[in-house]
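A.B. asks: Counting in this note's numbering, the sequence shown runs from 12 upward without gaps.
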Amino acid sequence: MLASLILMILFALNSPTFAQSDTDDNVALKWAEDLSDSAQDMVWQDLLKKFNEQEQLEGAANTTIHSTSKLYVFVSSSMPIPLLKSYASDALKYDATLVFKGLPEGSFKELAELIVQLKDNNDNIANATIDDESFERFSVSSVPTIILTSEPPYHPNQTPYIKFDKITGNVGIKYALEQFRDSGDLREEAAKRLERVND
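(1) Quick one: using the 10 Å Cβ neighbour count with 16 as the cut-off for buried, is Arg148 buried or exposed?
(2) Can you tell me the Cα-Cα spacing of Ser152 and Phe146, whole angstroms?
(3) Could you name the residues of the same chain whose beta carbon sits closer than 7 Å to that of Thr75, not counting the 5 residues immediately before and after it, in chain order?
(4) Looking at the strands, I want to know which residues DSSP matches up with Asp11.
(5) Quick check: Ile126 and Ile141, are their CB atoms within less than 8 Å of each other?
(6) I need the DSSP call for Asp196, collapsed to helix, strand or coil.
(7) Just how far apart, CA to CA, sit Ile157 and Phe85?
(8) Am I right that Leu109 and Ala102 are in contact with their C-beta atoms under 8 Å? What's the rounded C-beta distance?
(9) Starting from Ser100 and walking both ways along the alpha helix (DSSP H), at which residues does that stretch end?
(10) Once you ignore the five residues that flank Ser194 on each side, which residues in its own chain have a CB closer than 7 Å to its CB?
(11) Taking the alpha-carbon positions, what's the Phe154 to Leu82 distance?
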């Protein structure tokens, strides 16, 4: 906007219809040129300020990125209902997600009916998902498998490094978290989950 105004002033000053003396014309032209230089300085200063602010924001984001932990219980619809129900109950308690591979009998209806069977006494249902990729990513070849994982939030300039603790076998979520707390890579995250339930 300011640059457009300056161009208009310069055009007007150089126009043959602009009726002023040579002295007044030179003074006005000098004023317009100074104004133009000042405007360019202001634009560059503003751009530099915005650039520095952006760098500071990105730097702050990099230093304040915190890992987020997630607790998964890899299960199968072929497992006994009482066992699945026990895991579903513990999943509610420890904020875990039940992970299935594929649909039971290839049917969403069958999965929905199975999930309904896993409700607790208060009709609460644990988080559940179908995630074949996670079975591959964490090399889960048998169920039940309990995994506590930690990865930083998505950042366009960083490749996330995923840490995780894993235990396979018919063990409870509490037992798995205790093992992770005592000898896992994610001791603090496991301890926090145990503390939240004990509070």
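We treat Cβ as the ideally placed atom computed from N, Cα and C, and that holds for glycine.
C.D. replies: On the basis of the data shown:
(1) Within the sequence shown, residue 148 is the residue found at index 137, counting from 1. Under this definition Arg148 is an exposed residue.
(2) Working through the sequence shown from its first residue, we reach residue 152 at position 141. Working through the sequence shown from its first residue, we reach residue 146 at position 135. When rounded, the distance between both Cα atoms is 7 Å.
(3) As a first step, residue 75 must be located in the sequence shown, where it is residue number 64. Legend: pLDDT at Thr75 = 37, less than 50; position of this residue unreliable, value from coordinates given subsequently. Residues of the same chain with their beta carbon placed closer than 7 Å to that of Thr75 are lacking, with the five preceding and five following residues left out of the count.
(4) Within the shown structure, residues of the chain are numbered from 12 to 210, placing residue 11 beyond reach of any answer.
(5) Position 115 of the sequence shown, counted from the first residue, corresponds to residue 126. Position 130 of the sequence shown, counted from the first residue, corresponds to residue 141. Between Ile126 and Ile141, the gap from beta carbon to beta carbon reaches 8 Å or more.
(6) Taking the first residue of the sequence shown as position 1, residue 196 is located at position 185. Reduced to three states, the DSSP call for Asp196 is coil.
(7) The residue labelled residue 157 in the question sits at position 146 within the sequence shown. The residue labelled residue 85 in the question sits at position 74 within the sequence shown. Rounded to whole angstroms, Ile157 to Phe85 spans 6 Å at the Cα level.
(8) Position 98 of the sequence shown, counting from 1, holds the residue named residue 109. Position 91 of the sequence shown, counting from 1, holds the residue named residue 102. 6 Å between Cβ atoms; contact.
(9) As a position in the sequence shown, residue 100 is number 89, starting the count at 1. That run of the alpha helix (DSSP H) goes Ile92 to Tyr105.
(10) Position 183 of the sequence shown holds residue 194. For Ser194, where only same-chain residues beyond five positions count, there are no Cβ hits under 7 Å.
(11) Translated into the one-based positions of the sequence shown, residue 154 becomes position 143. Translated into the one-based positions of the sequence shown, residue 82 becomes position 71. Before going further, note that residue 154 is Val rather than Phe in the sequence given. Their Cα atoms are separated by approximately 15 Å.
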